[in-house]
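This note's numbering puts the first residue of the sequence shown at 356, with every later residue one more than the last.
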Amino acid sequence: IGFWLPVLAKVVSRVTGVSDYNIVQNNGARAAQVVPHVHFHIIPRPESMPQIKNKSWTMFGRGQREELDDDEGAKLAGEMRRVLREEVEKMEGKG
356 IGFWLPVLAK VVSRVTGVSD YNIVQNNGAR AAQVVPHVHF HIIPRPESMP QIKNKSWTMF
416 GRGQREELDD DEGAKLAGEM RRVLREEVEK MEGKG
């Protein structure tokens, strides 16, 4: 995780064009994790986000956000796969 999380965060930044982000991982039911497992949220923070008083509300995904339709989601996932492949090739000295 310590190796791959920064790589994935870089991919998200490249694809979204947003360099600021939060990384969140929830543990336990009181932290909104109802199925025991581990995963991380890499949440881009664009400049256009309005400043609100309760910053934790926005930080944990409850503030301003946009919904993706299936086509947009598929396009974004494809672009992330492509950019991840580029990053891995750079690390392997192929890119």
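Glycine included, every Cβ here is placed at the ideal spot set by N, Cα and C. Note that this is a predicted model, so its numbers are computed, not measured.
Residue i, DSSP secondary structure in three states
i, result
"Ala-364", "helix"
"Val-390", "coil"
"Trp-412", "Caution is warranted here: a pLDDT of 46 is assigned to Trp-412, below 50, making its placement in the model unreliable, and no coordinate value can be reported."
"Val-379", "strand"
"Val-373", "coil"
Whole-Å CB distance - residue i paired with residue j, under 8 Å assumed
i, j, result
"Val-379", "Met-435", "In fact, because the Cβ distance is near 18 Å, the residues do not count as touching under 8 Å."
"Phe-395", "Leu-360", "6 Å"
Cα-Cα separation, residue i to residue j
i, j, result
"Val-440", "Val-362", "Contrary to the premise, residue 440 reads as Arg rather than Val in this sequence. Going by the C-alpha atoms only, they are around 11 Å apart."
"Val-438", "Asn-381", "27 Å"
"Met-446", "Ile-397", "21 Å"
"Glu-427", "Arg-385", "32 Å"
"Ala-429", "Gly-372", "18 Å"
"Val-443", "His-392", "26 Å"
Same chain, Cβ closer than 7 Å to residue i, neighbours up to 5 away in sequence not counted
i, result
"Asp-375", "Arg-400"
Where the beta strand (DSSP E) containing residue i begins and where it ends
i, result
"Pro-399", "396-399"
Run of the alpha helix (DSSP H) containing residue i, from where it starts to where it stops
i, result
"Val-438", "425-446"
Sequence-distant residues of the same chain with beta carbon closer than 8 Å to residue i, five excluded per side
i, result
"Val-370", "Leu-431, Glu-434, Met-435, Val-438"
Beta carbon proximity, residue i to chain E, threshold 7 Å
i, result
"Asp-426", "Absent from the structure is chain E; it holds one protein chain and no more."
Own chain partners of residue i with C-beta closer than 6 Å, once the 5 adjacent residues on each side are dropped
i, result
"Lys-408", "Caution applies to Lys-408, whose pLDDT of 49 falls short of 50 and renders its modelled position unreliable; the model cannot decide the point."
"Asp-425", "none"
Distance cut-off 6 Å: residue i Cβ against heavy atoms of the ligand ADP
i, result
"Ser-374", "The ligand ADP is not part of the structure shown, which contains no ligands of any sort."
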